[in-house]
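J.: After the structure tokens below, expect a handful of questions from me.
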Amino acid sequence: MAKGAQQKPAALRDELESLAREQGADYFGIADLSPAREFVGSQGGSIAAGFPRAISIGTRLFDGLVEMVEPKTPFRISPYVHHIYNIITPRLDDISLNLARALRKKGYDALPVPHGMSGPNISLLSYKLPANLAGHGWIGKSCLLITPDDGPRVRFSAVLTDAPLATGRPMEERCGDCTICVDACPVKAFTGRAFRADEPREARFDPVKCARFRGNDRRYKTTPDKQDKQDKKDKKAPQVYACGMCVKVCPYGKPEPK
């Protein structure tokens, strides 16, 4: 795909990282997507699967907004939701777009992976995959990407590219016997199983339980009669739109008590 790009890969990487960090990224890494090509294709189709690498970028969430999270208290969860979806997410989309434009100017192909506009957790590629393959962290029992320094308190995005950039290495899982996130889930949506690449997400996580607790997701419709009953039930439930407990309680990244 590349068209006459002359800059050395190491210099190009440094330039891209500087651009990302100047615009607010706290994490920057390169993922080799070749081991996960089939999975990438199942999510994003043949175009996404045609890219051999991904730039993974991330921005750390602010501890104060994470620590005040109480799912059944809307006025305490609302700032957290606003921080993630209205501030951090658009910023990451802007950074991804600018990185893709910079790569295109250098003669490489690139595709920014935008965050889904029809609701949280909808995208043509799971951002946890390139973050894991780039070496930012591992997939925890909460199905979140856990970084050694900041735990799950990082929001990620990605840019697919064919630029020959040096890649990172996946990090070994460090959760061990810890089940704090599993125990803290209000609806027990996690099974407690450790991540395995050959298992579906449902072996570890029930997205229906999580979505219905949040009361704002209609992607899991069943039959009309069952959905009507569920809709009536949801109207009585608190419209929390997020939970955040698995992010809040993880020992990795949790600030020391003052």
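The working numbering numbers the first residue of the sequence shown as 780 and each following residue consecutively.
Where is the CB? At the ideal position from N, CA and C, for every residue including glycine.
Just so you know, these numbers come straight off a predicted model, no measurement behind them.
(1) Measure from the C-beta of Lys1033 to each C-beta in chain D and report whether the shortest distance is under 7 Å.
(2) According to the neighbour-count rule (16 or more other Cβ atoms, all chains shown, within 10 Å of its Cβ), is Ser875 buried or exposed?
(3) Of the choices Arg855, Arg870, Tyr887, whose alpha-carbon is the least far from that of Ala833?
(4) Counting pairs of Cβ atoms below 8 Å between the segment 926 to 943 and the segment 790 to 806, do you hit three or more?
(5) Taking the alpha helix (DSSP H) that Gly824 falls in, what are its first and last residues?
(6) If distances are taken between C-alpha atoms only, which option among Lys907, Ala913, His915 comes closest to Ser921?
(7) Beta carbon of Leu840, beta carbon of Val938: below 7 Å?
(8) So, at 8 Å on beta carbons, what are the nonlocal neighbours of Ser897 in its own chain, with the 5 sequence-adjacent residues on each side left out?
(9) Determine the DSSP secondary structure at Leu871, reduced to helix, strand or coil.
(10) In or out: Ala910 buried (at least 16 other Cβ within 10 Å) or exposed?
(11) Rounded to whole angstroms, what's the CA-CA distance from Cys1025 to Ala963? Just pull it up for me.
(12) Going by beta carbon distance, what residues of the same chain come within less than 6 Å of Arg883, once the five residues before and after it are set aside?
(13) Here's the rule I'm using: 16 or more other beta-carbon atoms within 10 Å means buried, otherwise exposed. How should Ala828 be labelled?
(14) Can you say whether Phe992 is buried or exposed, counting buried as having 16 or more other CB atoms within 10 angstroms of its CB?
(15) Indicate whether Ile867 and Ala1021 have their beta-carbon atoms separated by less than 7 Å.
(16) Based on the DSSP secondary-structure assignment, which residues constitute the bridge partners of Asp811?
(17) Sort out for me which residues DSSP pairs Arg792 with in a bridge.
(18) Alpha carbon to alpha carbon, how far is Phe830 from Ile959?
(19) Would you mind giving the Cβ-Cβ distance between Gln802 and Lys885, rounded to the nearest angstrom? I have them listed as a contact below 8 Å.
(20) Which residues does DSSP pair with Gly837 in a beta bridge?
T.: Working from what's here:
(1) Reference to chain D is not applicable here, since this structure consists of a single protein chain.
(2) buried
(3) With distances taken between Cα atoms, Ala833 lies closest to Tyr887.
(4) yes
(5) 816 to 828
(6) Lys907
(7) no
(8) Reliability of the predicted coordinates at Ser897 is poor, the pLDDT of 38 falling under 50, and no value is obtained from them.
(9) helix
(10) Per the 10 Å Cβ criterion, buried.
(11) 7 Å
(12) Ala889
(13) Buried, since its Cβ has 16 or more Cβ neighbours within 10 Å.
(14) buried
(15) no
(16) Asp811 pairs with Arg832.
(17) Residue pairing of Arg792 in beta bridges, as defined by DSSP: absent, with no partner found.
(18) 37 Å
(19) The Cβ separation is near 18 Å, so there is no contact.
(20) Tyr806, Phe935
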